[in-house]
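Count the first sequence with this note's numbering and you get residues 19 to 442, in order. I have placed the structure first, in the form of structure tokens, so that the comments after it can refer back to it.
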Amino acid sequence: MLDVNVIRADPDAIRTMLVDRNKPTDVLDRFLEADAEWRMLTQSSNELRKVRNAESLRIPKLPAGAEKDGVIASMREIGDRIKGNEERMSVLDGIREDCVLNIPNIPHASVPVGRDSGDNVVVCEWGERREFGFAPKEHPEIAEDLDIIDFDRAVKVAGSGFYCLKGDGARLERALISYFLDSHHDRGYTEVFPPVIVNKEALIGTGQYPNLKDDMYHLERDDLFLNPTAEVPVTNLFRDEILEKEALPIKYTAYLPSFRREAGRHADTRGIIRVHEFNKVEMVRFVLPETSWAALEELRNDAESLIRGLGLPYRVLLLCTGDMSFSCAKCYDLELYAPGKDAWLEASSCSNFTDFQARRARIKYRPEPHMRSEFIHTLNGSGLALPRTMVAVLENYQNRDGSVTVPEVLRPYMKGQEVIASRR
RNA sequence: GCCGAGGUAGCCAAGCCCGGUAUGGCGGUGGUCUCGAAAACCACUGGUCCCUGACCUCGGGAGUUCGAAUCUCUCCCUCGGCGCCA
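What follows is the structure, encoded as structure tokens:
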């Protein structure tokens with residue numbers, strides 16, 4: 019959520035931003051119109067209230083009689099006018115609220131202007147693509163041959179778009195999660211394990227609601243949602259709090275399943291690249307405003323170090339204005355190379371949300387004791403998303419005989435196992 | 001799910017029965033005093049705005065009233081007890 023004062027001060031800048039983001043601008047016009055009328059009515063109501071407050075103090079002092087009755091009658095009329103104002107204002111307020119919740123964050127100056135993912139900028143590429151000496155298989159075949167992912171039976175349990183890890187597949191998943199969490203721990207992150215289910219307030223806080231509401235699982239009876247990313251429960255741990263300045267920065271990491279309906283998506287459904295439920299380890303930072311840009315680079319480095327540790331080739335994209343998600347001011351995507359599919363797979367997004375989420379979730383700090391509180395800045399990054407990391411590991415580490423070598427860094431988590439081989 | 005107690009400013013409380021427009025303490029900041037500090041004392045310490053001032057704010061919403069933290073209804077949340085339960 020943007021500061022309404024920023025919108026009022028320079029509506030043209032907001033309009034340009036919406037155009038850069040490839041978004042309609044009518045939301046801005048509706049806001050400005052409703053806001054102008056709202057402000058007019060606010061002033062009018064304030065003046066009426068001023069009269070009422072003054073007269074209400076006089077009333078008990080007046081002797082019973084015609085004058086008192088007259089004042090009471092005119093106060094009754096003023097009360098009606100205030101009520102009339104307020105009815106209109108609550109309509110306008112609803113419009114204002116709706117608009118402001120639907121205006122995305124302002125991109126940082128360093129973000130390239132572009133229309134869609136085709137305009138993202140490759141910042142760097144790391145690692146050597148391996149020479150196989152045979153035709154590398156795609157992950158569904160590898161997994162099928164090793165019997166480490168069961169797609170068909172998972173469909174019985176939950177339907178298409180779900181999968182069941184099995185045997186060394188399940189153990190590899192657990193090893194990856196542990197490796198990620200331990201790495202973050204060593205870099206000063208505190209591990210948390212928040213609720214998987216979140217309420218609407220939390221989703222508004224981080225910006226998934228309302229604009230992504232159709233892509234989330236909704237538990238209607240309790241009006242709760244399955245979290246689409248751990249960013250939601252972790253960031254909202256501090257909703258409605260004023261944090262001690264000394265406590266910042268706060269660095270949290272969490273392993274948590276994430277859920278996405280992926281409504282209307284049908285392409286590319288094979289395998290585990292796009293599924294309804296997936297595991298992810300997330301990093302979330304709560305920082306002082308002046309440190310957030312440096313923190314974004316650190317966060318990205320934290321995520322990259324995991325990939326390097328696994329020895330997977332990857333590249334870093336700087337997302338353009340048209341491809342960035344709603345809440346972020348700047349975002350890097352980390353993409354792993356999958357040789358079987360010969361494709362880049364997004365395994366991490368690292369974003370600085372500046373004060374956008376903090377304003378929605380009301381997370382503040384006090385710059386000086388008893389000075390007025392200010393919004394902090396929030397950031398988050400995946401470190402990393404499990405299924406796509408799994409795909410990259412399987413495809414990059416596959417061997418001619420169909421087995422998969424376990425990356426060295428994961429072996430301590432798999433009781434020293436070096437190879438995943440078929441047990442059939 | 002049932003019963004009970006609660007939700008007041010950064011924190012803790014009072015005010016509620018009996019309606020008159022936010023009371024105290026803690027913490028904090030500044031000042032007086034001091035070589036300096038402590039103590040003591042004084043002032044300030046929720047938000048918004050078109051800032052000499054005004055308005056708003058007592059969990060949210062609605063109602064009654066000239067006027068609601070206070071009365072009524074409703075919803076939410078927290079804590080405790082009981083029930084159920086992996």
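Even for Gly, the Cβ is constructed at its ideal location relative to N, Cα and C.
In terms of Cβ geometry, residue 190 and residue 160 do not form a close pair [threshold 9 Å].
For residue 67, the enclosing alpha helix (DSSP H) covers residues 44-76. Residue 92 carries a helical assignment under DSSP once its states are collapsed to helix, strand and coil.
For residue 223, the enclosing alpha helix (DSSP H) starts and ends at 218-224.
The alpha carbon of residue 371 has as its nearest neighbour, out of 355, 184 and 311, the alpha carbon of 311. Out of 63, 379, 20 and 331, the CA that lies nearest to the CA of residue 356 is found in 331. By the neighbour-count definition (other C-beta atoms within 10 Å, threshold 16), residue 375 is a buried residue. Secondary-structure assignment with DSSP links residue 368 through a beta bridge to 350 and 399. Non-local C-beta neighbours of residue 288 in its own chain, meaning closer than 7 Å and more than five positions away in sequence, comprise 158, ordered along the chain. For secondary structure counted as the beta strand (DSSP E) over 3 or more consecutive residues, the segment 195-274 holds these complete runs in sequence order: 208-210, 215-217, 242-244 and 259-261. Take the alpha-carbon of residue 114 and the one of residue 345: they are about 18 Å apart.
Annotation for residue 26: no beta strand (DSSP E) segment contains it, though the alpha helix (DSSP H) segment containing it runs 22-27. Where residue 319 is concerned, the enclosing alpha helix (DSSP H) starts and stops at 310-328. Contact check for residue 273 against residue 198 passes: the beta carbons are separated by less than 9 Å.
In the three-state DSSP reduction, residue 142 falls in the strand class (E or B). Taking a contact as a CB-CB distance under 8 Å, the pair residue 137 and residue 340 counts as one, their CB atoms being some 6 Å apart. Residue 427 and residue 364 have their C-alpha atoms roughly 21 Å apart.
The straight-line gap separating the alpha-carbon atoms of residue 83 and residue 72 is approximately 19 Å. In this structure the segment 104-121 lies against the segment 48-58, because at least three pairs of beta carbons, one per stretch, are closer than 8 Å. In the pairwise beta carbon analysis, the segment 322-337 is classified as not touching the segment 210-220: fewer than three pairs are separated by under 8 Å. Rounded to the nearest whole angstrom, the C-alpha separation of residue 108 and residue 102 is 10 Å. Here residue 154 has 357, 358, 413 and 416 as same chain residues with Cβ atoms under 7 Å from its own Cβ, once five neighbours each way along the sequence are excluded. Between the C-alpha atoms of residue 171 and residue 183 there is a straight-line separation of about 11 Å.
A check of alpha carbon separations from residue 251 across 216, 275, 227 and 92 identifies 216 as the nearest. Contact annotation: residue 383 and residue 263 have beta-carbon atoms nearer than 9 Å. For the alpha helix (DSSP H) assignment, the uninterrupted runs of no fewer than 4 residues enclosed by the segment 138-192 are, from N- to C-terminal side, 157-164 and 169-176.
In its chain, beyond the 5 residues on either side, no residue has a beta carbon closer than 7 Å to the beta carbon of residue 94. In the three-state reduction of the DSSP assignment, residue 432 falls in the helix class, which pools H, G and I. In this structure, residue 342 lies near residue 125, with their beta-carbon atoms less than 9 Å apart.
Segment contact: the segment 34-44 against the segment 239-256, fewer than three CB-CB distances shorter than 8 Å; contact not assigned. Around the beta-carbon of residue 151, fewer than 16 other beta-carbon atoms lie within 10 Å, marking it exposed. Distances from the alpha-carbon of residue 347 to those of 298, 140 and 337 put 337 closest. Bridge partners of residue 304 according to DSSP: 268 and 396.
Going by DSSP, residue 406 is part of the alpha helix (DSSP H) stretching over 404-414. In terms of Cβ geometry, residue 144 and residue 290 do not form a close pair [threshold 9 Å].
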